[in-house]
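Asker: Using this note's numbering, read the sequence shown as starting at 45 and increasing by one per residue.
All C-beta atoms, glycine included, are put in the ideal place defined by N, C-alpha and C.
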Amino acid sequence: LRRPKEEMSNSYMSTVIIGVLMVFFGSINTISTKLADLSEAKNSQGEKKEFNHPFFQAACMFFGEVMCLLVYKLSTRFNRRSQKAANRPEYVQIENQVSDEQDERVRGDQNWSAMIFLLPALCDMTATSLSYLGLTWTYASIFQMLRGAVMIFTGIFSVIFLKRRLRNHQWVGMFVVLCGLVLVGVSSVLAPGSSSEAPNPVGGIVAIVSAQVVQAGQMVVEEKFLSKYDVAPLQAVGWEGFWGLSVLSILLIPMYWIPGTTTGGRLENAPDAFIQMGNNPVIMTAILGNITSIAFFNYFGVTVTRRISATTRMVLDSVRTLVIWVFSLVVGWEKFQYMQAVGFPFLIIGMFIYNGSLKIPCFKYEEEKEGGIEVHIEEKESSFPPFLSEGKESGTHTDNQSIQQPGGLTTAVTLRTAS
């Protein structure tokens with residue numbers, strides 16, 4: 045058996061590494077998507093044009109989510125092997141620790157049909173497509189920050205449709221976030237960047253914020269209809285990715301014949317996307333980076349949530365936003381805007397106030413006495429329905445939900461309702 049100090053040291057180091065990898069792959073997801081948008085290659089008409097294929101990229105993102113099913117299968121197999129090894133006395137302590145951690149990622153029963161993910165996947169598909177469209181029109185850092193709007197819409201929808209009652213500090217948090225969103229949005233409109241980096245910043249804001257409305261609706265749908273099921277997080281991500289990929293792949297066919305702005309005057313031209321990928325290895329690498337980073341981001345995100353907390357994941361997601369912003373400034377994708385620098389802290393502070401991590405002395409924070417919805421903004425580029433509960437204690441039912449955000453973004457929602 046390992047010594048306690050050695051085990052604690054190894055556990056701490058592994059947690060740090062997992063957190064770093066989550067930030068890394070989450071950042072790669074958004075950066076790779078924007079890199080593809082800005083890259084040029086010869087299209088099917090022999091013209092050198094930018095890679096303008098947001099719906100095709102959304103389909104690639106869903107393919108990355110499908111890979112989580114493979115990760116789930118590998119994790120369950122490893123978990124079974126760990127449980128068998130745990131029967132050996134000399135490995136009882138060590139293997140039980142590994143088994144417990146694996147159980148959190150692959151726990152759940154199979155008493156459900158994959159069809160239960162179809163409606164949430166349709167919401168996810170719509171939100172992802174709108175977000176990727178917005179990303180082609182505005183800056184990567186603006187895209188990342190504006191997704192914080194999902195917290196506001198989720199809070200409002202929880203009151204209207206789920207009949208929940210928000211606490212005073214949650215309303216204050218929503219207002220602070222709104223102030224941050226206004227500052228960030230205005231900064232994108234006033235930014236002096238080139239047209240190729242943000243050809244339509246106003247349209248980008250509208251598309252991204254609209255996506256957050258749909259995302260909040262997805263949370264309501266999942267909470268209302270899927271809360272009775274117990275599904276492993278990675279499995280839920282994989283099945284929503286499967287339905288999103290299946291439906292969007294079918295829709296790409298009529299999109300080819302609908303008038304739009306891609307090559308040939310089409311809404312989406314998937315064959316042209318493959319041609320441009322073949323003509324520019326940078327685009328090919330960016331697309332592969334989008335696909336693989338989503339799968340890894342979801343895996344490490346789930347691990348961080350289970351090993352530490354959803355709040356820690358929220359903090360790491362804020363770090364990811366900062367990394368994307370700094371990267372965009374360094375490579376020249378955008379210019380520094382002081383209004384964005386002021387708005388970003390508003391977003392972070394508002395989220396912490398909403399979640400109760402930053403407490404205001406005059407407000408109540410007794411969760412066991414009041415119902416409410418607690419929203420943790422986290423990165424998935426994947427979708428965890430609200431039926432992924434961490435457990436019940438002190439008479440309070442806790443449900444955790446992660447909503448897939450485009451570009452590797454995930455929004456985790458914790459619903460706490462007094463029973």
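Name, in chain order, the residues that DSSP records as bridge partners for Thr306.
Answerer: DSSP output for Thr306 lists Arg310 as bridge partner(s).
Asker: From the DSSP output, which residues share a beta bridge with Ala260?
Answerer: DSSP, once it has assigned bridges, lists no residue as partnering Ala260.
Asker: If you scan the segment 71-110 from start to end, which runs of the beta strand (DSSP E) of 3 or more residues do you find wholly inside it?
Answerer: Qualifying beta strand (DSSP E) stretches, in chain order: 84-86 and 92-94.
Asker: What are the boundary residues of the alpha helix (DSSP H) that Thr172 is part of?
Answerer: Run containing Thr172: Leu162 to Trp181, per the alpha helix (DSSP H) assignment.
Asker: Can the beta-carbon of Met111 be found less than 7 Å from the beta-carbon of Ala330?
Answerer: Contact flag unset, no.
Asker: To the nearest whole angstrom, what separates the beta carbons of Asn96 and Thr336, a pair I think is in contact under 8 Å?
Answerer: The pair is not a contact, with the Cβ atoms about 23 Å apart (cut-off 8 Å).
Asker: Output the residue ranges of the alpha helix (DSSP H) runs that lie fully inside the segment 182-224 and measure 4 residues or longer, sorted by chain position.
Answerer: Qualifying alpha helix (DSSP H) stretches, in chain order: 184-190 and 193-204.
Asker: Which residue wins for smallest C-alpha separation from Ala158, given the options Ile404, Pro98 and Gln279?
Answerer: Among Ile404, Pro98 and Gln279, the Cα nearest to that of Ala158 is on Gln279.
Asker: Report yes if the CB atom of Leu4 is closer than 7 Å to the CB atom of Ala251, and no otherwise.
Answerer: Past the boundaries of the shown model lies residue 4; the chain is included only from 45 to 463, so the question cannot be answered.
Asker: Sorted by chain position, which residues of the same chain lie with C-beta nearer than 6 Å to Arg310's C-beta, five sequence neighbours on each side aside?
Answerer: Answer for Arg310: Tyr300 and Gly304, listed in chain order.
Asker: Which residue marks the beginning of the alpha helix (DSSP H) containing Glu284, and which one marks its end?
Answerer: From DSSP, the alpha helix (DSSP H) with Glu284 extends over Pro277 to Met299.
Asker: Looking at Pro164: is its Cβ nearer than 7 Å to the Cβ of Glu266?
Answerer: For Pro164 and Glu266, yes; Cβs fall inside 7 Å.
Asker: Assign Asn399 to one of three DSSP states: helix, strand, or coil.
Answerer: Helix.
Asker: Buried or exposed, going by whether 16 or more other CB atoms sit within 10 Å of the CB of Tyr382?
Answerer: By the neighbour-count rule (16 or more Cβ atoms within 10 Å), Tyr382 is not buried but exposed.
Asker: Ser202 to Gly229, Cα distance in whole Å?
Answerer: Cα-Cα distance, rounded: 25 Å.
Asker: Just to confirm my understanding: we take Ile368, look at its own chain, exclude 5 residues before and 5 after, and list those with CB closer than 7 Å. What are they?
Answerer: Correct list, in chain order: Ser71, Thr74, Ile75, Ala184, Ser185 and Gln188.
Asker: With a 10 Å radius around its C-beta and 16 neighbouring C-beta atoms as the bar for buried, classify Gln101 as buried or exposed.
Answerer: Label assigned to Gln101: buried.
Asker: Can you tell me whether Tyr56 is buried or exposed, with buried defined as 16 or more other CB within 10 angstroms of its CB?
Answerer: Exposed, since its Cβ has fewer than 16 Cβ neighbours within 10 Å.
Asker: Checking 7 Å against the spacing of the C-beta atoms, do Leu391 and Gly224 come in under that value?
Answerer: Cβ distance < 7 Å, so Leu391 and Gly224 count as in contact.
Asker: Flag this pair as touching only if the segment 79-94 and the segment 287-299 have three or more C-beta atom pairs under 8 Å; answer yes or no.
Answerer: As far as the Cβ criterion goes, the segment 79-94 does not touch the segment 287-299, which means the pair count is below three.
Asker: Taking its Cβ as the centre, do 16 or more other Cβ atoms sit within 10 Å of Arg350, making it buried, or is it exposed?
Answerer: It counts as buried.
Asker: Can you tell which of Ala385, Lys92, Met263 and Gly376 has its C-alpha closest to the C-alpha of Asn323?
Answerer: Minimum Cα distance to Asn323 is reached at Lys92.
Asker: I'd like the span of the alpha helix (DSSP H) that includes Thr271, first residue to last.
Answerer: Per the sequence shown, the amino acid found at residue 271 is Ser instead of Thr. Per DSSP, Ser271 belongs to no alpha helix (DSSP H) and is neither H nor E.
Asker: Could you check where the alpha helix (DSSP H) with Phe407 kicks off and where it finishes?
Answerer: Unbroken run through Phe407: none, as it is neither H nor E.
Asker: Could you tell me the distance, in whole angstroms, from the CA atom of Thr182 to the CA atom of Tyr273?
Answerer: Taking the straight line joining both Cα atoms gives about 38 Å.
Asker: From which residue to which residue does the alpha helix (DSSP H) around Ser337 run?
Answerer: From DSSP, the alpha helix (DSSP H) with Ser337 extends over Pro325 to Arg351.
Asker: Which value, in whole angstroms, describes the spacing of the CA atoms of Ala79 and Ile327?
Answerer: Rather than Ala, the amino acid found at residue 79 in this sequence is Leu. Near 8 Å, if we compare the C-alpha coordinates of Ile327 and Leu79.
Asker: So for Val375, helix, strand or coil by DSSP?
Answerer: Coil.
Asker: In whole angstroms, what separates the C-alpha of Trp156 from that of Glu378?
Answerer: So the alpha carbons of these two residues sit roughly 47 Å apart.
Asker: Taking 7 Å as the threshold (C-beta atoms), are Asp168 and Ser256 in contact?
Answerer: At residue 256 the sequence reads Gln, which differs from the Ser that was named. In this structure, Asp168 does not lie closer than 7 Å to Gln256 by Cβ.
Asker: Distance check for Ile397 and Val221, CA to CA, integer angstroms please.
Answerer: Taking the straight line from one Cα to the other gives about 10 Å.
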